[in-house]
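Numbering (my numbering), first residue to last: 1012 to 1275.
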């Protein structure tokens, strides 16, 4: 949440943008995002000196919209559904010829997100459990791959709101269960898993746990009161699982990746 643009997404966006060839980069980049990936991609594009086109749901917080507008004037708003986001993005791609940088179902994005876990384990290599939120799965899959390659004994657990539990259902049923009309305050966790993120999660994640909206809001408040940090709802999800006793930290070293702090 102290990363540039206020969320972990800058890691993956930079890896994706700066690994493009000069010919690809000249076309510009485009994506759909509830905010954090949009700002990260726009910032990375500005650093490389190329254009970024962003599709965002109308329900995105003003702070996240403002974060994007700092770097990219090309924002298209759409209805807050995955179908609307994907259809609107396709129109933008057709109109501009830009390169799509998917917010999570992109191997370079996944690799970039995994660097957060690598830095975590460089400082505390003997963790027992590492928790992250899960929406589209970019952070969780990158974290799981990096963690298991570093120390396979560490348990990697994804955490998700009960009102948007498609990753939980997908993990248990062994196939992607799309998100349909998710109901959660966690606007960063509304999307479904992608084929790349789901495959990584199947192979490397130990469990996915769900938590209530009330517990998420309570965790945000607790973090603010105890640390002075303002974190966004999505980032509070793994903290809520511990505070509610769904993950038992007793006698264990538990790590949490606080994914973002962009909240109105």
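For each residue, glycine too, the CB sits at the ideal point set by N, CA and C.
Segment limits, beta strand (DSSP E) that includes residue i
| i | result |
| --- | --- |
| residue 1218 | 1218-1222 |
| residue 1074 | Counting along the chain, residue 1074 falls outside any beta strand (DSSP E), though it belongs to the alpha helix (DSSP H) covering 1073-1080. |
| residue 1175 | Note, residue 1175: premise wrong, no beta strand (DSSP E); not H, not E. |
Coarse secondary structure for residue i, derived from DSSP in three states
| i | result |
| --- | --- |
| residue 1263 | coil |
| residue 1187 | coil |
| residue 1089 | strand |
| residue 1193 | coil |
| residue 1040 | strand |
| residue 1271 | strand |
| residue 1145 | coil |
| residue 1282 | Because the chain in this structure spans residues 1012 to 1275, residue 1282 falls outside the shown range and cannot be described. |
| residue 1016 | helix |
| residue 1258 | coil |
| residue 1111 | strand |
| residue 1063 | strand |
| residue 1123 | helix |
| residue 1153 | helix |
| residue 1199 | helix |
| residue 1166 | strand |
| residue 1140 | strand |
Distance between beta carbons of residue j and residue i, contact taken as under 8 Å
| i | j | result |
| --- | --- | --- |
| residue 1167 | residue 1173 | Going by Cβ atoms, the distance from residue 1167 to residue 1173 rounds to 20 Å, so no, they are not a contact pair. |
| residue 1343 | residue 1197 | Residue 1343 is absent from the structure shown; the chain starts at 1012 and stops at 1275. |
| residue 1175 | residue 1190 | 6 Å |
| residue 1111 | residue 1041 | 6 Å |
| residue 1204 | residue 1178 | 6 Å |
| residue 953 | residue 1234 | The structure shown does not extend to residue 953, since the chain spans only 1012 to 1275, so no value can be given for it. |
| residue 1050 | residue 1028 | About 13 Å; that fails the 8 Å criterion. |
| residue 997 | residue 1147 | No information on residue 997 is available, as it lies outside the stretch 1012 to 1275 that the chain covers here. |
| residue 1062 | residue 1085 | 7 Å |
| residue 1268 | residue 1131 | 7 Å |
Cβ neighbour criterion (16 or more within 10 Å) applied to residue i
| i | result |
| --- | --- |
| residue 1124 | buried |
| residue 1134 | exposed |
| residue 1034 | exposed |
| residue 1070 | exposed |
| residue 1144 | buried |
| residue 1171 | buried |
| residue 1202 | buried |
| residue 1243 | buried |
| residue 1096 | buried |
| residue 1081 | exposed |
| residue 1136 | exposed |
| residue 1214 | exposed |
| residue 1209 | buried |
| residue 1032 | exposed |
| residue 1262 | exposed |
| residue 1078 | buried |
| residue 1152 | buried |
| residue 1249 | buried |
C-beta contact flag for residue i and residue j at 8 Å
| i | j | result |
| --- | --- | --- |
| residue 1020 | residue 1047 | yes |
| residue 1282 | residue 1121 | The requested residue 1282 is not part of the displayed model; the chain covers only 1012 to 1275. |
| residue 1247 | residue 1272 | no |
| residue 1083 | residue 1065 | yes |
| residue 1118 | residue 1182 | no |
| residue 1266 | residue 1141 | yes |
| residue 1222 | residue 1184 | no |
| residue 1138 | residue 1232 | no |
| residue 1022 | residue 1126 | yes |
| residue 1089 | residue 1068 | yes |
| residue 1195 | residue 1224 | yes |
First through last residue of the alpha helix (DSSP H) which encompasses residue i
| i | result |
| --- | --- |
| residue 1028 | 1020-1029 |
| residue 1212 | 1206-1215 |
| residue 1134 | 1126-1134 |
Heavy atom of the ligand FMN within 7 Å of residue i beta-carbon
| i | result |
| --- | --- |
| residue 1228 | Among the components of this structure there are no ligands whatsoever, and the ligand FMN is therefore not found. |
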